[in-house]
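Peer 1: Quick note, the sequences are listed as chains A and B, same order. Residue numbering for the first sequence follows the working numbering, beginning at 1 and increasing consecutively. Residue numbering for the second sequence follows the working numbering, beginning at 1001 and increasing consecutively. Quick reminder that beta carbons are idealized off the backbone N, C-alpha and C, glycines included. Starting off with a structure, shown below.
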Amino acid sequence: MFYREAGDFKTSYRDDNQTFPIRLDRAGYWIVLFVAFCVIPFFVNDYWVNSIFAPFFIYAIAALGLNILTGYAGQVSLGTGGFMAVGAYACYKLMVAFPDINIVFHVLIAGGITAAVGVAFGLPSLRIKGFYLAVATLAAQFFLVWLFNKVAWFYNYSASGQINAPERTVFGIIVTGPNTEAWAKYMICLVFLVGVAWVARNLTRGMTGRKWMGIRDMDIAAEIIGVNPLMAKMSAFAVSSFFVGIAGALFFAVYLGAAEAGESFGITKSFLVLFMVIIGGLGSIFGSFAGAAFMVLMPVLLKNVLVGTMGWPTEIAAELEFIIVGGLIVIFLILEPHGLAQLWRLTKEKLRLWPFPH
Amino acid sequence: MTFKRVAAASVAALMVASPVMADLVFPSLSYRTGPFAAGGIPYADGFADYMTLLNERDGGIGGVAVQVPECETAYNTEKGVECYESTKGMGALAYNPLSTGITYQLIPKATADDIPLYTPGYGRTSAANGDVFSHVFNFPANYWNGASAAINHVLDLNGGDLKGKKIVLLHFNGAYGKEPIPTLTKLGEKHGYDLTTIPIDYPGQEQKAQWLQIRREKPDYVLFWGWGVMNQVAIQEAANIRYPMDQFIGVWWSGAEHDVKPAGEKATGYKAMTFHGVGSDYPVFGDLQKYVVDAGKAAGDGSNVGTVIYNRGVYAAMMLAEAAKNAQEIHGVADITSAQMRDGLEQLEITNARMAELGMEGFGPEFKVSCANHGGPGAIAIQQWDGAAGKWSLITDFSGSDMDVIQPLIDADSAAYAAENKIDPQCN
Chain A
1 MFYREAGDFK TSYRDDNQTF PIRLDRAGYW IVLFVAFCVI PFFVNDYWVN SIFAPFFIYA
61 IAALGLNILT GYAGQVSLGT GGFMAVGAYA CYKLMVAFPD INIVFHVLIA GGITAAVGVA
121 FGLPSLRIKG FYLAVATLAA QFFLVWLFNK VAWFYNYSAS GQINAPERTV FGIIVTGPNT
181 EAWAKYMICL VFLVGVAWVA RNLTRGMTGR KWMGIRDMDI AAEIIGVNPL MAKMSAFAVS
241 SFFVGIAGAL FFAVYLGAAE AGESFGITKS FLVLFMVIIG GLGSIFGSFA GAAFMVLMPV
301 LLKNVLVGTM GWPTEIAAEL EFIIVGGLIV IFLILEPHGL AQLWRLTKEK LRLWPFPH
Chain B
1001 MTFKRVAAAS VAALMVASPV MADLVFPSLS YRTGPFAAGG IPYADGFADY MTLLNERDGG
1061 IGGVAVQVPE CETAYNTEKG VECYESTKGM GALAYNPLST GITYQLIPKA TADDIPLYTP
1121 GYGRTSAANG DVFSHVFNFP ANYWNGASAA INHVLDLNGG DLKGKKIVLL HFNGAYGKEP
1181 IPTLTKLGEK HGYDLTTIPI DYPGQEQKAQ WLQIRREKPD YVLFWGWGVM NQVAIQEAAN
1241 IRYPMDQFIG VWWSGAEHDV KPAGEKATGY KAMTFHGVGS DYPVFGDLQK YVVDAGKAAG
1301 DGSNVGTVIY NRGVYAAMML AEAAKNAQEI HGVADITSAQ MRDGLEQLEI TNARMAELGM
1361 EGFGPEFKVS CANHGGPGAI AIQQWDGAAG KWSLITDFSG SDMDVIQPLI DADSAAYAAE
1421 NKIDPQCN
């Protein structure tokens, strides 16, 4: 009744092509942004930021990055953890080498370095596809983690191979290190997330995104109609790795503050981000958010309910978490193989007709 | 997004519901799941049981009840952060996360929040320098003491000469396993042995490649920094290639009953370092049995009492309890804060008389913590496994380590940390 196109007149092509064609959607979008930027920062505390918002935002950036590569361009990657490690170590080396430069630039440059590494490891995608490409990116994952463990220069020869984020500021406000205020940590992650999501959305609905989708759906046909597969695949790898690199840099510098390659960026991280993308929905911006929210918030919520409220022993709660989250993944994928994003899409379709379906 | 709102609402409700507690709170960031649970469970049980014993027998510490809220980390740093944030609001007095990775994470955070970290026998070794690491305590021994003690033991066996000997460090490829490398390298320069390091990746259930390399290189000694399931596998593999067990020396985290038992009698002769006594022939374990296990209040099933890792949990809990008592005496209040707890740790003195009163005579060394030295004496003994009898026995006395080599390393590493993080020395 309220959620419909009818009556929402568009008088220009620009209006017609906007991301949210329905008025209610647009309002919701602005309200969410308003709440995220102008309300939540005044109420967050350390627990909310460190356990919920920071991991959610950072994993959402990583999921957006992987979704561009796997969801939009159809190139399966198991190297996300390794690429996050590149972002983290690049950011660390930059932070230590140039302490006076704004951390935002370090994060962006770390993303750029990751993009270069991603392109290099993406080269095999020109010859191989599907499972074979997955294995090639798996090699990248293992090689990169091995590299950061083996070469002491990357961790500045510290005794244990750990990297620690020193204190850095943006406009005089501390955003890394232990003295960071909760709201500052929240805001830096949020700004990067909104920026990345905005770029991702606009890339994927423009020509670049259409080329990626052409390559994904049928590469030979795409080539015949004039898509250059080299450019399309390499640009997908570059953009995806750029986002994943930003996620890795924030993950280390802002969220954890200390990291080591094997523990923080191992193969489990690659799978975690891949699951987020699959559960959220391949080829969907909203899906990246939904998948990250599901995988990050669900365990925290279950832990709080089982241990905090019901007072169960921690180990039983921990095992049960695995069972419940695993079971939910299976149920979701059986009921809706296209992920949470498709559920959302179906809900919106139904809402348009409500309360008078044909 | 609706899901997120539901989640947020529930979490908010839970956070409001948890009351502010007036007890002494020592959160236990334990891991009872995952590949390292074999070590995590007995440690968490020992820690919780000792605190329960204080509540049951003595009515707490200085008349104030002790609480040990547990939080499961699964040895994962992200979960460790979540656990730290969710428990620090309860009025946590000190953290003992039993993970070197999580310790590295918490050192700056806990220092900023004015909560001490107590990391006996693990964590960042250079935190022994209290001048830089004001809130971290790792007495009575650290990894570099351990590395040096192992080399001292090997020196004793070889009449003080290690020229041309081959020593392999088989280690967990993470912060914990890499800690001893600088010390072993430096000691190698001093004593003339060849050091080869062979890493084992998490979780370490598969070590064929590592042991093939050991078989090829035929080292004179293998030093081992492993944990959890990795230990059992390594000892089994050593038995399979018939590596002489008495030349295979583990750190204290690789020397528990559950590590050697799967290899059966073949594990006989395996050595491990330790910084406290072995067995259950101490009065405190009788009390634990009587007041905690038999009363049905044990954290676990009670079968671990007197085993190596359980004892270590008891020892760590005892230190924190003594420090809390010390803090109560220094500040003259029963309900101490975390800042006062830090003072209690820094001015802690453990005497043999006090150990006897606690029913732990001879269990650990006598020592005194000071502002500059948070590392304790670093006295370490070697224990050896007897597969037939099924028990560990000490084969050397507790003795010190080569501080001429270790102290410069501690100073250099902590100075680097101080420079990176702009920390001023706290002791003058």
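Roughly how many angstroms separate the alpha carbons of I1167 of chain B and K1422 of chain B, rounded to a whole number?
Peer 2: Taking the straight line joining both Cα atoms gives about 38 angstroms.
Peer 1: Is the beta carbon of G1313 of chain B closer than 9 angstroms to that of Y1043 of chain B?
Peer 2: Contact: yes.
Peer 1: Going by DSSP in three states, Q1105 of chain B sits in which element: helix, strand or coil?
Peer 2: Looking at Q1105 of chain B - three-state DSSP - the assignment turns out to be helix.
Peer 1: On the DSSP letters alone, give me the boundaries of the alpha helix (DSSP H) that T1052 of chain B sits inside.
Peer 2: From DSSP, the alpha helix (DSSP H) with T1052 of chain B extends over A1037 to L1053.
Peer 1: Mind checking whether the beta-carbon of A1323 of chain B lies closer than 8 angstroms to any heavy atom of the ligand SAM?
Peer 2: This structure does not include the ligand SAM; it has no bound ligands of any sort.
Peer 1: Can you find at least 3 beta carbon pairs, one from the segment 308-318 of chain A and one from the segment 1030-1041 of chain B, that sit closer than 8 angstroms?
Peer 2: The answer is yes - the segment 1030-1041 of chain B touches the segment 308-318 of chain A, with three or more Cβ pairs under 8 angstroms.
Peer 1: Among A:I61, A:N17, A:P337 and A:L126, which one has its Cα closest to the Cα of R216 of chain A?
Peer 2: Per the Cα distances, A:L126.
Peer 1: Check the Cβ of C1371 of chain B against every Cβ in chain A and list those closer than 8 angstroms, keeping chain order.
Peer 2: Result: empty, since nearest Cβ-Cβ is about 21 angstroms, beyond 8 angstroms.
Peer 1: Could you check where the beta strand (DSSP E) with P1262 of chain B kicks off and where it finishes?
Peer 2: Per DSSP, P1262 of chain B belongs to no beta strand (DSSP E) and is neither H nor E.
Peer 1: Starting from the beta carbon of D46 of chain A, find every residue of chain B whose beta carbon is closer than 7 angstroms, and list them in chain order.
Peer 2: E1085, listed in chain order.
Peer 1: Between A60 of chain A and the rest of its own chain, which residues show a CB-CB distance below 7 angstroms, the 5 nearest in sequence each way excluded?
Peer 2: Closer than 7 angstroms at the Cβ level, and outside the excluded window around A60 of chain A, lie L193, S288, F289 and A292.
Peer 1: Hey, quick one: how far does the alpha helix (DSSP H) through I109 of chain A stretch, first residue to last?
Peer 2: Taken as a continuous stretch (DSSP letters only), the alpha helix (DSSP H) holding I109 of chain A covers I103 to G122.
Peer 1: If you draw a straight line from the C-alpha of Y1118 of chain B to the C-alpha of V1136 of chain B, how long is it?
Peer 2: So the two alpha carbons sit approximately 6 angstroms from each other.
Peer 1: Would you kindly work out how many angstroms separate the C-alpha atoms of K1218 of chain B and P1140 of chain B, rounded to a whole number?
Peer 2: Their backbone Cα atoms lie some 34 angstroms apart in a straight line.
Peer 1: Mind listing the chain B neighbours of A249 of chain A? Cutoff is C-beta to C-beta under 9 angstroms, in chain order.
Peer 2: Those do not exist, as A249 of chain A stays about 16 angstroms from chain B at its closest Cβ, beyond 9 angstroms.
Peer 1: Under 8 angstroms Cβ-Cβ, which residues of chain B neighbour Q162 of chain A?
Peer 2: Under the 8 angstroms cutoff, chain B gives G1101, Y1104 and A1175.
Peer 1: Would you mind telling me which residues of chain B sit closer than 7 angstroms to E319 of chain A, beta carbon to beta carbon, in chain order?
Peer 2: Chain B residues near E319 of chain A: T1033.
Peer 1: Consult DSSP for A1065 of chain B and reduce its assignment to one of helix, strand or coil.
Peer 2: The answer is coil: DSSP assigns A1065 of chain B none of H, G, I, E or B.
Peer 1: Can you grab the Cα-Cα spacing for the pair V1016 of chain B / A1267 of chain B, in whole Å?
Peer 2: No answer about V1016 of chain B holds up, because its pLDDT of 42 lies below 50 and its placement is not dependable.
Peer 1: So if DSSP puts C1083 of chain B in a beta bridge, which residue, or which two residues, is it bridged to?
Peer 2: DSSP, once it has assigned bridges, lists no residue as partnering C1083 of chain B.
Peer 1: At a CB-CB cut-off below 7 angstroms, which residues of chain A make contact with N1096 of chain B?
Peer 2: Going along chain A, no residue has its Cβ under 7 angstroms from N1096 of chain B, so there is no contact; the nearest lies around 15 angstroms.
Peer 1: Quick check: the segment 1203-1223 of chain B against the segment 183-203 of chain A, are there 3 or more CB pairs under 8 angstroms?
Peer 2: These segments do not touch.
Peer 1: Kindly list the residues whose CB is nearer than 6 angstroms to the CB of V1222 of chain B, restricted to its own chain and excluding five residues on each side of it in sequence; keep chain order.
Peer 2: The answer, listed in chain order, is V1168, L1170 and F1248.
Peer 1: Return the chain-ordered ranges of every alpha helix (DSSP H) run that is complete within the segment 1181-1237 of chain B and spans a minimum of 4 residues.
Peer 2: Counting whole runs of 4 or more residues, the segment 1181-1237 of chain B contains the alpha helix (DSSP H) stretches 1181-1191 and 1208-1217.
Peer 1: Go through its chain and collect everything with a Cβ distance to E72 of chain A's Cβ below 8 angstroms, but skip five positions before and after it.
Peer 2: Note that residue 72 of chain A corresponds to Tyr in the displayed sequence, not to Glu. Within the same chain, Y72 of chain A has close Cβ partners T204, G209, W212, M213, R216, A236 and G283.
Peer 1: Looking only at C-alpha atoms, which of A:I334, A:T19 and A:A258 sits nearest to A88 of chain A?
Peer 2: Measuring from the Cα of A88 of chain A, the nearest candidate turns out to be A:A258.
Peer 1: Out of B:I1041, B:D1049, B:S1028 and B:L1054, state which residue places its alpha-carbon closest to the alpha-carbon of M1322 of chain B.
Peer 2: In the sequence as presented, Met is not what sits at residue 1322 of chain B; that position holds Glu. Of the listed residues, the one whose Cα sits closest to E1322 of chain B is B:L1054.
Peer 1: Is the beta carbon of V1305 of chain B closer than 9 angstroms to that of F1285 of chain B?
Peer 2: Yes. Within cutoff.
Peer 1: Using a Cβ-Cβ cut-off of less than 8 angstroms, give me the residues of the segment 264-276 of chain A that come near chain B, in sequence order.
Peer 2: Within the segment 264-276 of chain A, the residues whose Cβ lies closer than 8 angstroms to some Cβ of chain B are S264 and G266, listed in chain order.
Peer 1: Please work out which residues of its chain come closer than 7 angstroms, Cβ to Cβ, to L144 of chain A, disregarding the five sequence neighbours upstream and downstream, and give them in chain order.
Peer 2: Answer for L144 of chain A: G82, A85 and V86, listed in chain order.
Peer 1: Answer yes if the segment 1368-1382 of chain B comes into contact with the segment 1346-1355 of chain B, meaning at least three C-beta pairs across the two stretches below 8 angstroms, and no otherwise.
Peer 2: The segment 1346-1355 of chain B, when compared against the segment 1368-1382 of chain B, does touch it at the 8 angstroms Cβ threshold.
Peer 1: When you compare each of B:I1041, B:Y1143, B:G1060 and B:G1160 to H1191 of chain B by their alpha carbons, which one comes out closest?
Peer 2: Minimum Cα distance to H1191 of chain B is reached at B:G1160.
Peer 1: Identify, in the order they occur along the chain, each residue of the same chain with its Cβ nearer than 6 angstroms to the Cβ of C1427 of chain B, setting aside the five sequence neighbours on each side.
Peer 2: Result list for C1427 of chain B: D1131, C1371 and A1372, in chain order.
Peer 1: Take the Cβ of C1083 of chain B as the centre, count every other Cβ of all protein chains shown within 10 Å, and call the residue buried at 16 or more, exposed below.
Peer 2: Buried, by the Cβ-count rule.
Peer 1: Would V307 of chain A pass as an interface residue toward chain B - the criterion being a Cβ-Cβ separation below 9 angstroms?
Peer 2: Taking Cβ atoms only, chain B reaches closer than 9 angstroms to V307 of chain A, which makes this a yes.
Peer 1: Run down chain A in chain order and give the residues with a C-beta less than 8 angstroms from the C-beta of S1030 of chain B.
Peer 2: What S1030 of chain B touches in chain A: T314.
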